[in-house]
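Engineer:
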Amino acid sequence: MKSYRKNLPPLDTLVFFESAARHMSFTGAAAELFVSQAAVSKRIQQLESWLGVPVFERRGRRIRKTPAGERLAERVAMSLDFLDQSIAAIRVPAEKVVTIASMSSVAMFWLQPRLRVFALGSDACAFNLVSTDRPSDILSAETDLAVIYSDGVVPGWEGGMLIGERLVPVAAPSIVKAREGFADLFARSRELPLLDYSRRGPDWINWGRWAELTGNPLVHDWPKRRCASYLQTVGLALEGEGVALGSRPLLEDEIASGRLVALSPDELVTSKGYYVLHRSGVALSKDAERVKRALLQPGHPGRG
434 MKSYRKNLPP
444 LDTLVFFESA
454 ARHMSFTGAA
464 AELFVSQAAV
474 SKRIQQLESW
484 LGVPVFERRG
494 RRIRKTPAGE
504 RLAERVAMSL
514 DFLDQSIAAI
524 RVPAEKVVTI
534 ASMSSVAMFW
544 LQPRLRVFAL
554 GSDACAFNLV
564 STDRPSDILS
574 AETDLAVIYS
584 DGVVPGWEGG
594 MLIGERLVPV
604 AAPSIVKARE
614 GFADLFARSR
624 ELPLLDYSRR
634 GPDWINWGRW
644 AELTGNPLVH
654 DWPKRRCASY
664 LQTVGLALEG
674 EGVALGSRPL
684 LEDEIASGRL
694 VALSPDELVT
704 SKGYYVLHRS
714 GVALSKDAER
724 VKRALLQPGH
734 PGRG
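Using our numbering, the letters of the sequence shown map in sequence onto residues 434 to 737.
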């Protein structure tokens, strides 16, 4: 006789493990699951304690799957996917939930505080926020509202701009001297890396593309640290691990609170931005229309 309760670890530890293994980052898993990085680390430790073997090797703030983790990752992903599909096939929701799919960085720094205000207001409705950096996942058939980096022209989709792109180098105040700028920081220490990431789309701007657009020669000679995602570059910058290329509208709170310092008064303003889109020719539900209207309202939530 099977006893799943005895033979399986707590199921939430498997959910946390699957996300961390897919992102290869506790920070990325935390963003997707809307918890702290410490919460992810705690669940992974709980799983490893139950198994009696480590599933990740920790190298500073970087992780790598152990042989046991490699074997477990694929099977856990398949099992959770099968379980998700099985439940979805029979579950009848009490009400239609508005599905919002968003890029991870926008979800963490911009969307969540606004959705919180919306959820606490008189126009609140049920919604589900999906956080991913794969455009194909954002622009899926299941998505009601897509929040995506774009020039606003996405075939088959229409909507409005939420925020325009304004890029500026940012770092933690602990590594920046008073009135120090980008060039000053470079001259003082070449050991402090630029936190860079691989571009997943031709219109994404990382340090290499930023150097081309601004003609800044410092970037080519500055040591770089490769990160798993744009979101991780911001996380490491907040921890004083290097200089990130920040989207100022997304990091408005971090800069205003002093957790990050903008290293230049000049910003790279591009023709891109973050848009909220819905499928062309498909009428939005009343709930989805209310969510869209709330997101397009100017200003910062909670500020008078």
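Backbone N, C-alpha and C fix where the C-beta goes; we use that ideal spot for every residue, glycine too. Source: prediction; values computed, not measured.
1. Give me, in chain order, the residues of the same chain whose beta-carbon lies closer than 7 Å to that of D445; leave out the 5 immediate sequence neighbours on both sides.
2. By DSSP, does R736 sit in helix, in strand, or in coil?
3. So, for E465: in the same chain, excluding its five sequence neighbours on each side, which residues have a beta-carbon less than 6 Å away from its beta-carbon?
4. Comparing C-alpha positions only, which one of F450, C558 and Q470 sits nearest to V513?
5. Provide the residue span of the alpha helix (DSSP H) that contains M536, from first to last.
6. Expressed to the nearest angstrom, what Euclidean distance is found between the alpha-carbon atoms of M511 and Q518?
7. Where DSSP assigns a beta bridge to H561, which residues make up the other side?
8. What's the call for W643, buried or exposed, on a 16-neighbour Cβ count within 10 Å?
9. Considering only C-alpha positions, which residue in the set R681, E687 and R632 is nearest to C660?
10. Output needed for G737: all residues of its chain with C-beta closer than 7 Å, excluding positions within five of it in sequence on either side, in chain order.
11. F459 and S469 - do their beta-carbons sit closer together than 7 Å?
12. I'd like the ranges of any alpha helix (DSSP H) spanning at least 4 consecutive residues and lying wholly in the segment 661-687.
13. How about L684 and L678: do their beta carbons lie closer than 7 Å?
Structural biologist: Reading it off the structure:
1. R476
2. For R736, the predicted model reports a pLDDT of 41, less than 50, meaning its position is unreliable; a value from the coordinates is still stated below. In this structure, R736 counts as coil in the three-state DSSP scheme.
3. S452 and S564
4. Correcting the residue identity first, residue 513 is Leu in this sequence and not Val. Here the closest residue by C-alpha is F450.
5. Taken as a continuous stretch (DSSP letters only), M536 belongs to no alpha helix (DSSP H), as it is neither H nor E.
6. 11 Å
7. The amino acid occupying residue 561 in the given sequence is Asn; His does not appear at that position. Answer by DSSP bridge pairing, in chain order: T532.
8. Classification for W643: buried.
9. R632
10. For G737, the pLDDT reaches just 35, beneath the cut-off of 50, and the residue's location in the model is therefore unreliable, although a value from the coordinates is still provided. Same-chain partners within the cutoff: there are none.
11. no
12. 663-671
13. no
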